[in-house]
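Working notes for the structure below.
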Amino acid sequence: MRKTRLLRGYDPQKDREDIETAARILREGGTVIIPTETVYGLAADACNPAAVEQIFIAKGRPADNPLIVHISDLGQLEGLVTRIPGQVGALAARFWPGPLTLVLPKSDKVPLVTSGGLDTVAVRMPSNPVARAILDAAGVPLAAPSANRSGIPSPTTAQHCRDDMWGRVDAIVESGECQVGVESTVLSLCTPVPTLLRPGAVTLEELRGVLGEVRMDPGVLEHLEDTAKAPSPGMKYTHYSPRAKVILVKGSPEQYGRYVTYHQDDGDFAMCFEEDIPYLDAPLASYGGQTDYRRQAHELFDVLRMLDKLEAERIFVHAPAPQGVGLAVYNRLIRAAGFLVVDLDQEPAGEAEKEE
Ligand code: TXA
Ligand code: MG
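For the sequence shown, the numbering used here begins at 1 and goes up steadily by one.
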């Protein structure tokens, strides 16, 4: 067990002293959980291999799953990469600081432990003012994966971080709820056509608006049969899984309500949209309106974690449309569900009731 310090990071000015303490721990090679606008991150000095090693140990993360390096100004990017592709200027102007991560050719300054052995590095500039204050005070780029234990839903509150990481890190900077609620969009600029590796709050539609052509990697929506070929190592691991079994259901509120009512048993919950409530007779937790994808993203991990605390056996989740920020929510949910999706629109009437 490590001695974990609780620090306050609600306001970059008022909490100056704690922010300086967090920065000092990071400079000295320690691990600190910091708030960001997406999810809480488990940070360490990105260029200190021994410090980065501690991140993998605390999370129980496979060594070949690379970390995202966080910077607070564009000047820091130069040292981390061998080349800045032409698209970076327009992307940074539009989306940085913010929830967009770019995969770029790595320089020797970034240790292989940080890049999971790859010759590329993922970089992002967060917008959360406390994250930025800590980055500025530390004066070094910070590697930070989501601060959850490997495999389970990411943390969006300080309480989630305490639940997962107490005694495993040197400090936790407590702050409010993360604004976005799902991790950043990951875009590779190391492919002939820019490729979306992980959808997030910066949408595919917005990226195409800036870049023109952007490919969506098949691993975003499908299970990769040959995991050796995963362009982003994170794709091949179990992700976002609560203890409960997640069943993702596509269909109208009425179809979804009928399906859940038919299949629901003791210990099962409906994780639904507001519109579904009139059609449900099961214990339920709503995670937003059917097309309010930003709200769904904000609630997603908190509701999954809450249902685990309630010892749910199975969670029937109503799937959002895979568009806009809904694509990010859908991408996390299919992984939480182990790619088990019930599509009621595709099934002839009555079929859904007969299966199992
Ligand atoms: O919003 C976020 O991005 C949060 C906050 C803390 O910044 N961080 C985060 O990190 O989500 P993590 O480690 O949970 O997810 C990083 C993802 C993984 O799927 C990883 O495989 C991918 O980014 N990744 C990192 N470096 C990569 C690289 N060089 N090439 C391809 N994928 C990479
Ligand atoms: Mg993660």
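Ideal Cβ placement from N, Cα and C applies to all residues, glycine included.
Annotation for A90: V210 place their beta carbon closer than 6 Å to its own, counting only its chain and skipping 5 residues before and after. With a 10 Å radius around the Cβ and a threshold of 16 neighbouring Cβ atoms, E28 comes out exposed. Taking every protein chain shown into account, the CB of M1 has fewer than 16 other CB atoms within 10 angstroms, so this residue is exposed. The way I'd put it, the stretch 54–67 doesn't touch the stretch 123–138; fewer than three beta-carbon pairs between them come closer than 8 Å.
Its chain contains K106 as the residues whose beta carbon lies nearer than 6 Å to that of D119, once the 5 sequence neighbours on both sides are disregarded; these appear in chain order. When the Cα atoms are used, L67 and G116 turn out to be separated by approximately 7 Å. In the DSSP assignment, R162 falls within the unbroken alpha helix (DSSP H) covering 158–165. H263 has its alpha-carbon roughly 45 Å from the corresponding atom of T114. Under the DSSP assignment, A122 falls in the beta strand (DSSP E) whose first and last residues are 120–124.
For S72 against L135, the beta-carbon gap comes to about 4 Å, under 8 Å, which counts as contact. The Cβ atoms of L104 and D45 lie no closer than 8 Å to each other.
In the three-state DSSP reduction, T203 falls in the coil class, being neither helix nor strand. Contact between the stretch 240–248 and the stretch 280–291 is absent: fewer than 3 CB-CB pairs across the two stretches fall below 8 Å. Taking one beta carbon from each stretch, the stretch 309–325 and the stretch 185–196 have fewer than 3 pairs nearer than 8 Å; the two do not touch. Put simply, the backbone Cα of R149 is about 34 Å away from that of P192. For E183, the CB falls within less than 7 Å of some heavy atom of the ligand MG.
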